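Contents: one structure, followed by commentary.
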Amino acid sequence: MVRGVGYALGLKNLAFSEGFDDFAEARVVMTPAGVEVHTAAMEVGQGLVTVCQQITRTVLGTDRVAVVWDDTSKIGSAGSTSASRQTQMTGGAVHAAAVGLRDQILSDHEGDELRNDGVYRDGERVATIEDVCASGAVEHHVRFRHPETFPPDENGQGDVHAGFVVAAHRAVVDVDPELGLVRVVRVDMAQDVGKALNPQAITGQLEGGIMQGFGLAVMEELVIDRGVILNPTFTDYLLPTFLDAPAVETRIIEQPDHWGPFGAKGIGESPTISSTPAIVAAIRAATGRALTRVPVRPEDIAGI
1367 MVRGVGYALG LKNLAFSEGF DDFAEARVVM TPAGVEVHTA AMEVGQGLVT VCQQITRTVL
1427 GTDRVAVVWD DTSKIGSAGS TSASRQTQMT GGAVHAAAVG LRDQILSDHE GDELRNDGVY
1487 RDGERVATIE DVCASGAVEH HVRFRHPETF PPDENGQGDV HAGFVVAAHR AVVDVDPELG
1547 LVRVVRVDMA QDVGKALNPQ AITGQLEGGI MQGFGLAVME ELVIDRGVIL NPTFTDYLLP
1607 TFLDAPAVET RIIEQPDHWG PFGAKGIGES PTISSTPAIV AAIRAATGRA LTRVPVRPED
1667 IAGI
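Numbers given in my numbering equal positions in the sequence shown, counted from 1, plus 1366.
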C-alpha cells in the first residue's frame, strides 16, 4: 500500500447571479398562540425550518415559533432550494419580516422589549401578547432581495455574483497500485460560513458534502450507452456507505457576510466541490499518475 496526501480549494458563488431578479418572500405573524413564519421555501433536509425558527426567536425574543408552509397562491415565491441560497434568501426575508413586526409592535412602546408573553418595560410587563393581538393578528410581509448583480462585461468581469463561500480540503488515501484499490483514510476541511446560525447542522452538512465528494471521486458513475443507462440499480451504481466513510474533521470559520441574516452564508454545496479533487490529488500523489477523470477506476491506477 502507498499513502498519498492531497489538497484542494473550492470557491462557490452564493444565490442567483448575473442580474437575475433573485428574491424570497416571508410573512411573520404574531398571534395569541405564538408566532407563525409563512414561507413557500422548500425544506429538503437542509435544516431550513430550524434556521427560520432560530432567526425569528432571536429577533422577537420568543420561543413559540412555528413555520407554516404556504404555496405560492398564498405567499410569493421563495425561489428554488438550490445555489446554496435558502439560508441567506429565505432566512434574510424572515429576518427582515421579524424585525419589521417587532418595530411595528414596539412603535408605541419605545425602549420596551418583546418576550414570550408580552411587552416589557424595565423588567415589568406592560402589555400581554393578547393585548398586542386584540385587534387581530399582527403581521409583517417582506420580499427580500440580495445585493444587485450584473451580467459580465465583454471581458467577463463585473459584479456578477452577490457573494462567495470558500472551502478547503485535505485528503489522505492508501492505494494498492497493483490492484488499483483505494481506501480514503481521512478528509479534513475548513470552511468560511459567515456566521454559524446552527453549528451542529453546519457540521452535518459539511460531513455529508464530503461523503458526496468521496463518492464522486472513487465510486459513483452512470454508465451510458447511446442514451441507455446500463447501471440503473444500486447493485451496479455504487454509493459510499458508513463502512466506507473516512475519518473527518471539520473547522468552521466565521467571517460575517455583508447581507446574510446575522452575517450567515449558504454552505450546502461547497463541501462537495473541493472534496473530490482533494481525494484525486491524494491518489495522484500516491501513484504518480495523471488521473484526469472521475471517478478514478482501478484500471486508471493499475494501468490495465
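Cβ atoms here follow ideal geometry from the backbone N, Cα and C, with glycine treated the same way. Keep in mind the model is a prediction, meaning the values are calculated, not measured.
Practice prompt. Could you round the C-beta distance between Trp1429 and His1404 to whole angstroms and report it? I think they count as a contact, below 8 angstroms.
Written response: Here residue 1429 is Asp; the residue named in the question, Trp, does not match the sequence. Actually they do not touch by this definition, with Cβ atoms about 18 angstroms apart.
Item to complete: Could you tell me the distance, in whole angstroms, from the CA atom of Leu1377 to the CA atom of Ser1636?
Response: Going by the C-alpha atoms only, they are around 7 angstroms apart.
Worksheet item: For Leu1467, which of Asp1623, Glu1402 and Gln1412 has the nearest alpha-carbon?
Response: Glu1402
Fill in: Straight-line Cα distance separating Glu1665 from Glu1409
41 angstroms
Worksheet item: Within this structure, are the beta carbons of Ala1432 and Val1508 separated by less than 7 angstroms?
Response: Going by C-beta atoms, Ala1432 is not nearer than 7 angstroms to Val1508.
Item to complete: Determine the closest residue to Gly1427 out of Ser1448, Glu1391, Gly1457 and Ile1495, with distance taken between C-alpha atoms.
Response: Ile1495
Practice prompt. Would you please state the rounded distance, in angstroms, between the beta carbons of Glu1573 and Val1614? I believe it to be under 8 angstroms.
Written response: 5 angstroms
Fill in: Contacting residues, own chain, Cβ-Cβ under 8 angstroms from His1475 (five flanking each side not counted)
Taken in chain order, the residues that qualify are Val1485, Arg1487, Val1492 and Ala1493.
Worksheet item: According to the Cβ coordinates, are Gly1654 and Ala1537 closer than 7 angstroms?
Response: Between Gly1654 and Ala1537, the C-beta spacing is not below 7 angstroms.
Worksheet item: From which residue to which residue does the alpha helix (DSSP H) around Val1371 run?
Response: No alpha helix (DSSP H) contains Val1371, which is instead part of the beta strand (DSSP E) from Val1368 to Asn1379.
Practice prompt. Let me know the secondary structure DSSP gives Thr1599 once reduced to three states.
Written response: In the structure shown, Thr1599 sits in coil (DSSP, three-state: anything other than H, G, I, E or B).
Worksheet item: Span of the beta strand (DSSP E) holding Gln1621?
Response: Note, Gln1621: premise wrong, no beta strand (DSSP E); not H, not E.
Discussion item. Please state whether the Cβ-Cβ distance between Ala1463 and Val1394 is less than 7 angstroms.
Written reply: yes
Worksheet item: Taking DSSP as the reference, what is the three-state secondary structure of Thr1653?
Response: In the three-state DSSP reduction, Thr1653 falls in the helix class (H, G or I).
Fill in: Own chain, CB closer than 8 angstroms to Leu1596, minus 5 neighbours either side, in chain order
Val1589, Ile1590 and Asp1602
Discussion item. Less than 8 angstroms between C-beta atoms, sequence neighbours within five positions excluded: which residues of the same chain meet that for Asp1558?
Written reply: Val1531, Val1532, Ala1533, Ile1619, Glu1620, Gln1621 and Lys1631
Practice prompt. Pull up the DSSP beta-bridge partners for Pro1396, would you.
Written response: Rather than Pro, the amino acid found at residue 1396 in this sequence is Met. Val1401 and Val1504, per the DSSP bridge assignment.
Discussion item. To the nearest angstrom, how far is the alpha carbon of Leu1657 from that of Ala1651?
Written reply: 10 angstroms
Discussion item. Between which residues of its own chain and Val1660 is the CB-CB distance below 7 angstroms, once the five residues before and five after are set aside?
Written reply: Leu1582, Ala1583, Thr1642 and Val1646
Worksheet item: Are the beta-carbon atoms of Thr1638 and Gly1579 separated by less than 7 angstroms?
Response: yes
Item to complete: For Ser1446, count neighbouring Cβ atoms within 10 angstroms of its own Cβ and tell me buried if that reaches 16, exposed if not.
Response: exposed
Worksheet item: Around the C-beta of Ser1473, are 16 or more other C-beta atoms found within 10 angstroms, so that it is buried, or is it exposed?
Response: Answer is exposed; the Cβ neighbour count stays below 16.
Worksheet item: Do the CB positions of Ala1528 and Leu1380 come within less than 7 angstroms of each other?
Response: Yes, Cβ-Cβ distance for Ala1528 and Leu1380 is below 7 angstroms.
Discussion item. Could you tell me the alpha carbon to alpha carbon distance between Glu1749 and Val1498, rounded to whole angstroms?
Written reply: The structure shown does not extend to residue 1749, since the chain spans only 1367 to 1670, so no value can be given for it.
Worksheet entry | Beta-carbon spacing of Phe1382, Ala1449 below 7 angstroms | yes
Discussion item. Mapping the DSSP letters down to three states, classify Arg1536 as helix, strand or coil.
Written reply: strand
Worksheet entry | Whole-angstrom distance between Ala1406 and Ser1439, CA atom to CA atom | 9 angstroms
Discussion item. Which same chain residues end up closer than 8 angstroms to Ile1471 when comparing Cβ atoms and leaving out the 5 residues on each side of it in sequence?
Written reply: Met1396, Leu1480, Val1485, Val1498 and Val1504
Worksheet item: Once you ignore the five residues that flank Pro1513 on each side, which residues in its own chain have a CB closer than 6 angstroms to its CB?
Response: Ala1528 and Trp1625
Discussion item. Rounded to whole angstroms, what is the Cα-Cα separation between Pro1565 and Ser1640?
Written reply: 21 angstroms
Worksheet entry | Among Gly1411, Ala1644, Thr1607 and Pro1517, the one whose alpha carbon lies nearest that of Val1553 | Ala1644
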